[in-house]
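Below you'll find the structure, written out as structure tokens, and then a few comments.
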Amino acid sequence: MERNTLKKNQKRRWLFGSLRILLALGIAFFICQIQLDYIESLLFDMRVRSRPAPDTSGLISIINIDTKTQEALKRLPEAADHTLLFKQLAKANPLRVLYTQDFSEIIGSYEELEQLARATAQMPFTVVEDRKLPEVGLEEEFKLLPPLQDISVVSGPKTADTQLFARDGVTRRLVLSLEDQPLLHKQIATSINGITHDHDFRGWFNLKRTNQVYINFRPAGTYETYSFIDVVEGRVAAENFANKIVIIGRDTRSESKDYVLTPYSRDLTGMSRSEMHANMLDTLILNNGPVKTPEWLNIIITSLIAVLTVFVVLTLRPARGLLILGLAMLLFSLLSWTLFAMFGVWIDVSHPFLAIFICYYFFIPYRLIIENRRSWEYYQRNNLLTQVEELKSNFLRMMSHDLKTPLARIQGMTEVALREQGQLTPTQLDALRTIGTSSEELSGFVSSILDVGRIESKEIKLHLKSKDINALLNDVTEKLRYLAQQKNIQIVTEFEPMFSVKIDEDLIRQVFTNLIENAIKYSPENSSILVTTEEIDGKLNVQVADQGMGIAQEDLNNLFSKFYRSKNVRDGAIRGSGLGLYLSRYFVNLHKGSIAVESELNKGSTFTVELPMNL
Ligand code: ADP
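Every number in this note's numbering is 7 more than the matching position in the sequence shown, counting from 1.
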């Protein structure tokens, strides 16, 4: 029967457990469908900014048309100035020269432009077209007008998440190729590191007809940058450009199209386009683009975190649950940061975080309902128990009361009969004595129960009188000496002389009678009991020590509870109600005193009562 319910309970628990896990998985799956690119990109940018900046290849130098150039020329550079620049560069033998501004905007006469075309032909020169993709059939659009028609213009687009992903206008990606046709950055990287296949570039991914890579950004100002005018006027040593990729751009802080927003800065002039191209090139040359973890892994992580949250919310105490969830979030953030900073791995954190919040708020009310129902059940059970307890007490009180009169009559009649001793046979005499002690025992039990009733209805009031405790104890021991003699137990007293104290004599007499009676009851024959009194720290200290059976450690805590009897006496021959110590403690406490016990099994017990000297 019990086994069956146990099995049923186990089955139910399993069922509920699996249901919760399923629900958590459902929530996780649903959360993974939500587009959180904006938040995820923000968290990605934070990771980019907070890690140590990656090294550069050292292969790139930048020349910018800057405010210094503008001030020196009192205008923007024209064809003749550019020709001078390329002449200087030709001397330095650069690996590659990239021009990132619109080449057709350069002003100059036809001859000047011819000279410019000739100057660029002295080196591997390319104009970067970073606004358009090289669509089939539109090749002509890339061509410059004569006399610049022979200059190569190659597409190396700047991306910004305006329509896609985070939609925050930040540049985070570069395009490797369009339908397997390599674009500028990949072409240059391939010529340096020999990587030809898109899927050999770290972190590559496919988007529509393109293959792309996330840019491994460094903060603005990382690359060596020279002023256009300084190079033109020969103030920059040629070796700064020897065997380098030289990127020419503009940084006059006047045109927002010359700049891009990056994970480092959303300032309008956060990073010049020339520096953006440097970052793009280095990402591919060093092949260290960030790797975004695949979608299936994100779903698994989100699911695990959702299940953990549900488990924590439903089983742990709220404060501990919050602490664990907080720690889990912290650890996960730390993990994602470390993965990015050390290995360039971009793990999705926004979905797992959302899973924690949603699961938490979804399951908290559920937990509240369960807890509410449980506390309602406790409340009902508690109510029932109180009622039963009350009924029991009332019944005992009524019964005891009704027992008192017939008991007194039995005791009286026994005494009358005993007075006629001469006319009784020894067997009758024995029987009468047994009736006498038994009815005395019963009467003691009835009194105890009545006392408990009085305690519970708070009827007991103290009637204080000055009393010499030593005299009271002498009185008690005298009365019990007959009982002790029957087991040949010796009661030894060691009393310190003492002033009288104010006590309720009846109650305190009951306390000591009980303690000494117990000592006799629970001691073997031929042992002795020591009763001592002394004054310690202004308190009256009475000890009753025996050499009896002692009390087991597990019983000590409950010894003073109502009806409690130690395990080793419960079924034995020594009778008792288990009320004596309960009443004793109550009476001592009424006197603002305390009662304690020390005991060792089979060695003996010592009960100590402490009473204040002046109540
Ligand atoms: P009882 O009527 O059973 O003696 P008490 O309340 O006086 O009830 O004592 C409670 C229990 O404490 C006893 O049943 C007994 O197991 C244990 N006990 C009390 N005094 C002693 C003692 N001196 N030695 C060993 N056990 C004791």
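We put the beta carbon where it would ideally sit given N, CA and C, even for glycine.
Next item on the list: State the start and end residues of the unbroken beta strand (DSSP E) segment that holds Val538.
Entry: Within the sequence shown, residue 538 is the residue found at index 531, counting from 1. Run containing Val538: Ser535 to Ile543, per the beta strand (DSSP E) assignment.
Next item on the list: Rounded to whole angstroms, what's the CA-CA distance from Glu240 to Ser64? Just pull it up for me.
Entry: On the sequence shown, residue 240 is found 233 positions in, with the first residue counted as 1. On the sequence shown, residue 64 is found 57 positions in, with the first residue counted as 1. Cα to Cα, the separation comes out at about 28 Å.
Check: Closest by CA to Ile354, which one among Glu524, Gly33, Arg440 and Asp52?
Finding: Position 347 of the sequence shown, counted from the start, is the residue given in the question as residue 354. The option with the nearest alpha carbon to Ile354 is Asp52.
Next item on the list: Pick out whichever of Asp409, Pro131 and His89 has its Cα sitting closest to the Cα of Glu119.
Entry: Looking up residue 119 in the sequence shown gives position 112. Ranking Asp409, Pro131 and His89 by Cα distance to Glu119 puts His89 first.
Next item on the list: Alpha carbon to alpha carbon, how far is Ile292 from Phe110? Give it in angstroms, no decimals.
Entry: On the sequence shown, position 103 is the one that residue 110 refers to. On the sequence shown, position 285 is the one that residue 292 refers to. In a straight line, the C-alpha of Phe110 is about 26 Å away from that of Ile292.
Check: Ser450 lies in the beta strand (DSSP E); which residues open and close that run?
Finding: Locating residue 450 in the sequence shown gives position 443, where the first residue counts as 1. No beta strand (DSSP E) contains Ser450, which is instead part of the alpha helix (DSSP H) from Pro433 to Glu463.
Notebook entry, point to check: Is the Cβ-Cβ distance between Leu618 and Val499 less than 9 Å?
Noted result: To locate residue 618, count along the sequence shown from 1; it is residue 611. To locate residue 499, count along the sequence shown from 1; it is residue 492. Their beta carbons are not under 9 Å apart, which means Leu618 does not touch Val499 by this criterion.
Notebook entry, point to check: Does the beta carbon of Leu403 fall short of 8 Å from some heavy atom of the ligand ADP?
Noted result: Within the sequence shown, residue 403 is the residue found at index 396, counting from 1. The answer is no for Leu403.
Margin query: Are the CB atoms of Ser159 and Ala630 within a distance shorter than 9 Å?
Written below: The displayed coordinates of the chain run from 8 to 622. Any statement about residue 630 would go beyond what the structure contains.
Next item on the list: Leaving out five residues on either side along the sequence, give the residues of the same chain with a beta carbon under 6 Å from the beta carbon of Thr539.
Entry: Your numbering for residue 539 matches position 532 in the sequence shown. Glu501 and Gln550, listed in sequence order.
Item checked: Straight-line gap, Asp289 to Ala97 (C-alpha atoms, nearest Å) -> Residue 289 sits at position 282 when you count from the first residue of the sequence shown. Residue 97 sits at position 90 when you count from the first residue of the sequence shown. Computed Cα separation, rounded: 23 Å.
Next item on the list: Following the continuous beta strand (DSSP E) through Glu605, name the residue where it begins and the one where it ends.
Entry: Along the sequence shown, one-based indexing puts residue 605 at 598. Unbroken beta strand (DSSP E) run through Glu605: Ser601 to Glu607.
Next item on the list: Spell out a yes or no on whether the stretch 33–43 and the stretch 228–246 are touching, meaning 3 or more CB-CB pairs, one atom from each, closer than 8 Å.
Entry: no
Item checked: Euclidean distance between Cα positions of Thr259 and Ile252 -> Residue numbering aside, residue 259 sits at position 252 when the sequence shown is read from its first letter. Residue numbering aside, residue 252 sits at position 245 when the sequence shown is read from its first letter. Between Thr259 and Ile252, the C-alpha separation is close to 22 Å.
Notebook entry, point to check: Can you name, in chain order, every residue of its own chain whose Cβ lies under 6 Å from the Cβ of Asp475, other than the five neighbours on each side?
Noted result: Counting from 1 along the sequence shown, the entry for residue 475 is found at position 468. Excluding positions up to five away in sequence, the list reads Ser507.
Check: Which runs of the alpha helix (DSSP H) spanning at least 4 residues fall entirely within the stretch 174–221, listed in chain order?
Finding: 191–200
Notebook entry, point to check: Shortest alpha-carbon distance to Ala128 belongs to which of Ser455, Arg103, Glu112 and Gly144?
Noted result: In the sequence shown, counting from the first residue as 1, residue 128 sits at position 121. Taking only the C-alpha atoms, the option nearest Ala128 is Arg103.
Notebook entry, point to check: Looking at C-alpha atoms only, which residue of Glu532, Glu246, Thr613 and Thr520 is the closest neighbour of Phe594?
Noted result: Your numbering for residue 594 matches position 587 in the sequence shown. Here the closest residue by C-alpha is Thr520.
Margin query: Measuring only from the beta carbon, is Met620 closer than 8 Å to any heavy atom that is part of the ligand ADP?
Written below: The residue labelled residue 620 in the question sits at position 613 within the sequence shown. No.
Margin query: If distances are taken between C-alpha atoms only, which option among Ser310, Glu85, Pro84 and Leu83 comes closest to Gln40?
Written below: Counting from one through the sequence shown, the residue named residue 40 turns up at place 33. The option with the nearest alpha carbon to Gln40 is Ser310.
Next item on the list: Please say whether Asn71 and Ser234 have beta carbons closer to each other than 9 Å?
Entry: For the purposes of this step, residue 234 is taken as the residue at position 227 of the sequence shown. For the purposes of this step, residue 71 is taken as the residue at position 64 of the sequence shown. Yes, these two residues count as a Cβ contact at 9 Å.
Check: What are the complete alpha helix (DSSP H) segments, minimum 4 residues, inside the stretch 274–299?
Finding: 280–292
Margin query: For Thr393, count the other beta carbons within 10 Å of its own beta carbon; 16 or more makes it buried, fewer makes it exposed. Which is it?
Written below: Indexing the sequence shown from 1 puts residue 393 at position 386. By the Cβ neighbour-count rule, Thr393 is exposed, with fewer than 16 other Cβ atoms within 10 Å of its own.
Item checked: Terminal residues of the beta strand (DSSP E) in which Asp578 lies -> Your numbering for residue 578 matches position 571 in the sequence shown. No beta strand (DSSP E) holds Asp578; DSSP gives it neither H nor E.
Check: Where does Phe248 fall in DSSP's three states?
Finding: The residue you call residue 248 lines up with position 241 of the sequence shown. It is coil, neither helix nor strand.
Next item on the list: Spatial neighbours of Ala245 within its chain, please: CB distance less than 6 Å, with the 5 preceding and 5 following residues excluded, ordered by chain position.
Entry: As a first step, residue 245 is located in the sequence shown; it is residue number 238 there, counting from the start. Only Lys98 and Ala99 meet the Cβ criterion.
Notebook entry, point to check: Hey, how far is the Cα of Val177 from the Cα of Ser281?
Noted result: Reading the sequence shown from its first residue, position 170 is the one you call residue 177. Reading the sequence shown from its first residue, position 274 is the one you call residue 281. For Val177 and Ser281, the distance between alpha carbons rounds to 16 Å.
Checklist line | Inter-stretch contact (C-beta, 8 Å, three-pair minimum) for the stretch 264–273 and the stretch 302–317 | finding: no
Item checked: Of the listed residues Thr615, Lys610 and Glu146, nearest to Ile602 (C-alpha basis) -> By 1-based counting over the sequence shown, the position of residue 602 is 595. Here the closest residue by C-alpha is Thr615.
Item checked: Rounded straight-line distance, which links the Cα of Ile510 to that of Ile462 -> To locate residue 462, count along the sequence shown from 1; it is residue 455. To locate residue 510, count along the sequence shown from 1; it is residue 503. One C-alpha to the other measures close to 18 Å.
Check: Closer than 8 Å: is that where the CB of Leu449 sits relative to any heavy atom of the ligand ADP?
Finding: Against the sequence shown, residue 449 aligns to sequence position 442. The answer is no for Leu449.
Notebook entry, point to check: Run through DSSP, which three-state label would Asn11 get?
Noted result: Here residue 11 refers to the residue found at position 4 of the sequence shown. In this structure, Asn11 counts as helix in the three-state DSSP scheme.
Notebook entry, point to check: Is Met287 buried or exposed, if buried means 16 or more other CB atoms sit within 10 Å of its CB?
Noted result: On the sequence shown, position 280 is the one that residue 287 refers to. By the 10 Å Cβ count, Met287 comes out buried.
Item checked: Under 9 Å between C-beta atoms of Tyr271 and Phe224 -> Residue mapping note: residue 271 aligns to position 264 of the sequence shown, counting from 1. Residue mapping note: residue 224 aligns to position 217 of the sequence shown, counting from 1. Cβ atoms of Tyr271 and Phe224: closer than 9 Å.
Notebook entry, point to check: For Ile558, which of helix, strand or coil comes out of DSSP?
Noted result: Counting from one through the sequence shown, the residue named residue 558 turns up at place 551. It is coil, neither helix nor strand.
Notebook entry, point to check: Taking the continuous alpha helix (DSSP H) assigned at Arg82, which residues delimit it?
Noted result: Counting from one through the sequence shown, the residue named residue 82 turns up at place 75. Note, Arg82: premise wrong, no alpha helix (DSSP H); not H, not E.
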